[in-house]
Amino acid sequence: MSIGPSEEPTPAGTHGSRSGSANSAGARWADLRRALAGRYEIERELGAGGMARVFLAQDLRHDRKVALKVLREGARSGAAAMRFENEIAVVARLNHPNILPLLDSGCTGGINYFVMPVVEGRTLREILSAEGPLSIERAVGYTVEICEALAYAHGRGVVHRDITPSNVLIWEDRVRVCDFGVALVATASPEERVTSTGIAVGSPRYMSPEQRFGDVVDHRSDLFSVGLLLREMLTGSPGGELESGAHRADSAHLDQVLKRALSTRPEDRHATAKELIADLRGALSKRAWWQRSSGAAGAIGLFAVIVAGVWLVAQQRSMSSPGSIAVLPFENLSSAPDLDAVGTMTADWLARGLERTDALEVVPTAATLSLTDVPSVPPTSYRALRGEIAEVTGAELVVSGAVYTSGDRLIVRSEIFSRDGDLLVTFPESSARLDDPMAAIIEVEGRVTGWVSTRLDERLTDHLSGSMVPPTLSAYKAWAAGMDRYLKRDNSAALESFLSAHRQDSTFATALVYASICLTNLGRRREADSLLNIAAASRQLMGRYDRAWLDYQTAAVRGRSMDALEAIRRAAAIAPGTKAVYNHAAQAFISGYVHEAISALESLDPRRGPMLGFHPYWDLLTSSLHLAERHGDEVRIARSSLGPDRLIGLVGLVRAAAAAGDLESVETHLDAARILPQDPASWTFGDVLIEAAEEANAHGHPAGPLYLRADQWYSENSKVPRGNEYLLLSAYRRGAWALLEQRLDSMTRADADPILTSGYRGLLQASTGSMEDAERIALRLAGPQPEYSLGRPAVFAARIAAVLGEEDLALNALGTAFSSGLPYGLWIHRDPDLSSLADPRIVQLLSPRD
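If you read the sequence shown in our numbering, its first letter stands for residue 1305, the second for the next number, and so on.
Below, the structure written as structure tokens:
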């Protein structure tokens, strides 16, 4: 039996312990019975939440069972009461078969209540918990009915603002939307709206971006939440990837509907719930047609054919839906190292040509390059990785080949294999002059794309016209060198190579995208953004994967976290098993989607492919597990990442031990860390000391000696990255006010980071009683945020306000910080200033979103 409150019901028999002693609970029960005597007979409690309790009752006037929702005694004033009254007022005006109706309401004996039907069914949350992902037909059917309810409500000026699985009831396979407690009425006055712009209300996991950051919302916010519900029904998670679930083969039409519904900007979503309904029904009809068509094609089968100089092996398999194709870098079988770049260029040109056919998904060249960057596999043996790359990327077809010389001629040969290693086709060799390899590359492209298109749909050959101009060979050589350095995390050297590639060919915009990534990694965001503006002018020359990276990088540099997350999700979906998935995890983490980050990271194999030897993988995974409070897994993963020459493996162990207060283990790990080589671009011994001190301090364990040791280390190594920041942090945490002031004065004279010095100056003033000076600094830092600052000034303002005890200022400053791109992270639970604030709105704002 389910009723309609958004609060999760407590288990039967436990509600008394939450609300006080058994005696006081009994007294309140008696009060309720007396107040409603003659009208309703209370039988038993069905559930309880933070704001209300729900009882099963007998309606004496109409002789029927009803659900009676009663406002808790401690919530009979303020926002809770206003929301309760808001729900009554909103539902009273709504009469629709997909909305749980209001039967009665009132206030008697000081007790507010309203009455709903008893629904003999389950919430969508209960169904998903019991059954997991639903069939496409069932998921879309439920979604259409939810949209029917919303279309009716929206037409009457009501925005629900809390569409979650717990607020959708399924009764006799019919949907009932309930709990309009935080609904917004278009004509409401500011007081009636309960919350104001700048404060998010609703369930964070299902909020639209504008609702999450407390911006003005309209009916399109509900449609975003509906999109999350549909994705959860299909995949088991609101952040799940549709194409990686049980519906991969027939989800393409729905995927387009979902992408529109989940657009970050409201104006890019469906204009109305009715429009979303039409799209959903259209997707179902297209899916039914696709299933009939593919079934017929599979029944007919394919005969072995010979196509203009192409020899097909006799044992071909029917491939009516090959899924995706990967193109390996072509092996260099010559003695000339310069032809390594020609092999990479050939693969990329083929991949671009295949993508233009729209016949199937193409694994991007950057992804295959990262997967073939294996020290033990030279450029003459790429074919040895065919099976592994097919497994990692999910490719059904793999194109491989080789380049070599014959006199003054370049020879290019190519073939296509199935993912199981069966040779499907060998193409004739193509040749060209060594100083003009493009003639051979273009010939190979025509043969490969022609074969693929003919095998799939002869009509697709029409898409092969209009080929774009390829980058010059010299530009390609520079780009290939940059990719090699980028994958080795040498950002400075990679930057020069990528810029060189663009200088040699100004149409090669992809090189600028990767150059901007290097600049961002080096902390030079303004320069990175200027390169992205140049690259955007050549967007039409990029493939889908590179366009997704351009969108991701542009949004990330400009502090638009949700736009960045949406874009990198696209890139990761195009190239599963590649570094794009790591970047997806990193962006999910800093956007507050910790569980999504863990899921993405766990889909990668750290022992091979692009994550092999990529140490940030381990740091991100252990940090995500730490925030998810999965400390056992955190320790297990940290131990498995240990290496003989890296601090990264010890960081997770130090973090977990310090959080648990196991200072003996902390010392053991620190002794091991002290003798390891330092990597200023990644981790130093000072950083490990800070990790230990911050975690111990956050969890109430002695941390002063650890801060002092870190302070001493950074005093001796102040030129390393983060040196100034940690010198100020250690002095502040220890309450060494005179030392902190001395360091601030010194750093100010040296023109150190003004945000850092202003922020700590305000914290110093607030901590030492200079309240007016501190408040003045906080108000200035909370104002308009400097470009590319990612909300850093505003979060300092929030910390200063917290020390001053000004919770409203802290709340507003935090809202500004996050809307300006402030990343989530371990700092959230470590900062004692912010953690001292009890305002539930601040707690919600600082909580992970999933």
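No residue lacks a Cβ here, since even glycine has one placed at the ideal position from N, Cα and C. Keep in mind that this is a model prediction, so the values were computed, not measured.
Strand pairing of residue i, partner residues [DSSP]
i       : result
Gln1362 : Glu1345 and Lys1369
Gly1705 : Ser1718
Pro1421 : Val1370
Ser1628 : Glu1665
Ser1734 : Val1716
Ile1474 : Arg1426 and Val1479
Glu1700 : None, per the DSSP bridge assignment.
Ala1356 : Leu1375
Glu1635 : Ala1706
Leu2157 : Any answer about residue 2157 is impossible in this case: the structure gives the chain only from 1305 up to 2154.
Leu2010 : Leu2010 pairs with nothing; no bridge assigned.
Asn2028 : Paired residues: none, contrary to the question.
Own chain partners of residue i with C-beta closer than 7 Å, once the 5 adjacent residues on each side are dropped
i       : result
Ala2106 : Ala2114, Asp2137, Leu2138, Ser2140 and Leu2141
Trp1987 : Leu1951, Ile1952 and Val1955
Thr1412 : Ala1339 and Leu1340
Ala2078 : Gly2066, Gln2069, Ala2070, Ile2104 and Leu2108
Glu2029 : Leu2060
Counted within 10 angstroms of its Cβ, other Cβ atoms place residue i as buried (16 or more) or exposed
i       : result
Pro1641 : exposed
His1574 : buried
Gln1857 : buried
Pro2009 : exposed
Gln2046 : exposed
Ala1977 : buried
His1366 : exposed
Ser1567 : buried
Asn1402 : buried
Ser2050 : exposed
Leu1364 : exposed
Lys1369 : exposed
Val2147 : exposed
Ile1979 : exposed
Val1423 : buried
Trp1283 : Outside the modelled stretch of the chain, which goes from 1305 to 2154, sits residue 1283, for which no answer is possible.
Arg1478 : exposed
Lys1792 : exposed
Pro1981 : exposed
Thr1669 : buried
Ala1600 : At Ala1600 the pLDDT is 33, less than 50, meaning the model places this residue with poor confidence and gives no usable figure here.
Arg1713 : exposed
6 Å Cβ shell around residue i - same chain, five flanking residues per side excluded
i       : result
Asp2135 : none
Leu1908 : Val1885 and Met1915
Lys1578 : Ala1455
Gly1705 : Phe1634, Arg1717 and Ser1718
Ala1960 : His1935, Glu1938 and Val1939
Trp1853 : Val1817 and Ala1875
Asn2001 : Ala2007
Pro1570 : Arg1524
Ala1655 : Val1631, Val1666 and Thr1669
Own chain partners of residue i with C-beta closer than 8 Å, once the 5 adjacent residues on each side are dropped
i       : result
Pro2098 : What sits at residue 2098 in the sequence shown is Ala, not Pro. Leu2085, Ala2086, Gln2089, Ala2117, Leu2118, Thr2120, Ala2121, Ser2124 and Leu2126, listed in sequence order.
Ser1628 : Leu1664, Glu1665, Val1666, Val1667, Thr1697, Gly1698, Ala1699, Glu1700 and Leu1701
Thr1427 : Ser1306, Pro1469, Ser1470, Asn1471, Val1472, Leu1473 and Ile1474
Gly2095 : Gly1863, Gln2089, Thr2120, Ala2121, Phe2122, Ser2123, Ser2124, Gly2125 and Leu2126
Tyr1897 : Gly1543, Leu1869, Pro2152, Arg2153 and Asp2154
Asn1636 : Leu1643, Asp1644, Val1646, Gly1647, Pro1683, Thr1684, Ala1706, Val1707 and Tyr1708
Arg1737 : Asp1712, Arg1713, Leu1714 and Ala1743
Beta carbon proximity, residue i to chain C, threshold 7 Å
i       : result
Leu1701 : The structure shown contains no chain C; it holds only a single protein chain.
**Item:** Three or more C-beta pairs below 8 Å linking the stretch 1820 to 1832 and the stretch 2054 to 2068
**Value:** no
**Request:** Please list the segments of the beta strand (DSSP E) lying wholly inside the stretch 1388 to 1414, counting only runs of 3 or more residues, in order along the chain.
**Result:** 1408 to 1412
**4-residue-minimum alpha helix (DSSP H) runs that sit fully inside the stretch 1827 to 1861, ordered along the chain** = 1829 to 1840 and 1848 to 1861
**Request:** Would you check if there are 3 or more beta carbon pairs closer than 8 Å linking the stretch 1888 to 1905 to the stretch 1923 to 1941?
**Result:** yes
**Uninterrupted alpha helix (DSSP H) stretches inside the stretch 1884 to 1969 (no shorter than 4 residues)** = 1898 to 1906, 1920 to 1931, 1935 to 1944 and 1952 to 1964
**Message:** Can you confirm whether the stretch 1471 to 1480 touches the stretch 1385 to 1399 when touching is taken to mean that 3 or more C-beta pairs between the two stretches lie within less than 8 Å?
**Reply:** no
**Message:** Does the contact criterion of 3 or more C-beta pairs under 8 Å hold for the stretch 1777 to 1785 versus the stretch 1656 to 1672?
**Reply:** no
**Item:** Ordered list of alpha helix (DSSP H) runs contained in the stretch 1768 to 1824, each at least 4 residues
**Value:** 1777 to 1791 and 1795 to 1808
**Request:** For the stretch 1525 to 1535 and the stretch 1438 to 1457, state whether three or more C-beta atom pairs, one from each stretch, are separated by less than 8 Å.
**Result:** yes
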